[in-house]
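Start counting the sequence shown at 102; every next residue gets the next number (the working numbering). Ideal Cβ placement from N, Cα and C applies to all residues, glycine included.
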Amino acid sequence: MPQKGLAGEGGEALRALFGEKVRCLRAWESLSKGGVEDVIRRNTDYQKNIDDYAVRSGKHTDEIFDIAKNNENGVEQFFDELENTPASRHWDLNPFQRGKKIEIDLNKNLPDPYKTIDKYENGIAISIKSLDVDAKTYQNISKLKNRLKKYIDDLHDFQGYSMGGWDIGNVSGGLPINSKRLDLAIPHTGTPTQVAVINDMITYAASKNVNLNIIIFP
Numbered sequence: 102m103p104q105k106g107l108a109g110e111g112g113e114a115l116r117a118l119f120g121e122k123v124r125c126l127r128a129w130e131s132l133s134k135g136g137v138e139d140v141i142r143r144n145t146d147y148q149k150n151i152d153d154y155a156v157r158s159g160k161h162t163d164e165i166f167d168i169a170k171n172n173e174n175g176v177e178q179f180f181d182e183l184e185n186t187p188a189s190r191h192w193d194l195n196p197f198q199r200g201k202k203i204e205i206d207l208n209k210n211l212p213d214p215y216k217t218i219d220k221y222e223n224g225i226a227i228s229i230k231s232l233d234v235d236a237k238t239y240q241n242i243s244k245l246k247n248r249l250k251k252y253i254d255d256l257h258d259f260q261g262y263s264m265g266g267w268d269i270g271n272v273s274g275g276l277p278i279n280s281k282r283l284d285l286a287i288p289h290t291g292t293p294t295q296v297a298v299i300n301d302m303i304t305y306a307a308s309k310n311v312n313l314n315i316i317i318f319p
């Protein structure tokens, strides 16, 4: 896929580029209107994932992008995981719906959109994340590692926030943060290579004073 000049091309040029893949063209247009970064907008895997989900859900690509914008883990992860992967219960939902359901199941008690953490309990600041290890993007070990590292680093960097009556950390009258925990929900343990990466990230998290807690949600 050409990497230059796309933003300035008209409809006919885009149709020539995408051929008969009209839904992929619509996905590209939705991403362009949303003002996302070029690296996301021009990713043909994301366009295909949007296309596939549009067919399965009956939603317009603009609706899908609106859902993606509200994904607390970011637009990029939403599109990474939007493909139709083998799953059940939680994992047959789109990434935004899945994340919200898992947060509820893990007793999220902080209001949306609270910064970085989702739960506070007995001095523990807890971030709740979900990640589909079956998604094609996480067969790339570097991408899996980078995603987990970002979750850990974000939680490590969290010092405090105040919203909806919850004053936590280094804000006036804030509840103390005695420790930090990342609850990571996955559908199963993953491949041996993925297990090795997760174990490495558990060690990395500990070096950042974060407890990485793996939770299997079948």
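Cβ distance (whole Å) where residue i is taken to contact residue j below 8 Å
i: Leu232; j: Leu285; result: 6 Å
i: Val176; j: Leu245; result: With 8 Å as the limit, Val176 and Leu245 do not qualify as a contact, their Cβ atoms being about 18 Å apart.
i: Ile278; j: Gly270; result: 5 Å
i: Val234; j: Pro288; result: 6 Å
Between the CA atoms of residue j and residue i - distance to the nearest angstrom
i: Asn247; j: Pro293; result: 18 Å
i: Asn208; j: Ile316; result: 13 Å
i: Ile225; j: Ile218; result: 10 Å
i: His191; j: Glu164; result: 21 Å
Backbone secondary structure at residue i - three-state DSSP
i: Ile316; result: strand
i: Gly200; result: helix
i: Ala188; result: Per-residue confidence for Ala188 stands at a pLDDT of 39, beneath the threshold of 50, marking its modelled position as unreliable; the derived number appears in the next sentence. In this structure, Ala188 counts as coil in the three-state DSSP scheme.
i: Ala236; result: coil
i: Lys220; result: strand
i: Asp268; result: strand
i: Ser263; result: strand
i: Ile278; result: coil
Minimum Cβ-Cβ distance from residue i to chain B less than 8 Å
i: Tyr262; result: Looking at the structure shown, chain B is missing, and only one protein chain is on hand.
Residue from the options whose Cα sits closest to the Cα of residue i
i: Phe179; options: Ser273, Lys237, Ile278; result: Lys237
i: Ala306; options: Lys250, Ile218, Gly274, Lys216; result: Lys250
i: Asn241; options: Leu211, Gln295, Asp301; result: Gln295
### Query
Is the stretch 193-203 touching the stretch 254-269 in the sense that three or more CB pairs, one from each, lie closer than 8 Å?
no
### Message
I want to know whether the stretch 263-277 touches the stretch 300-315 - three or more CB-CB distances under 8 Å.
### Response
no
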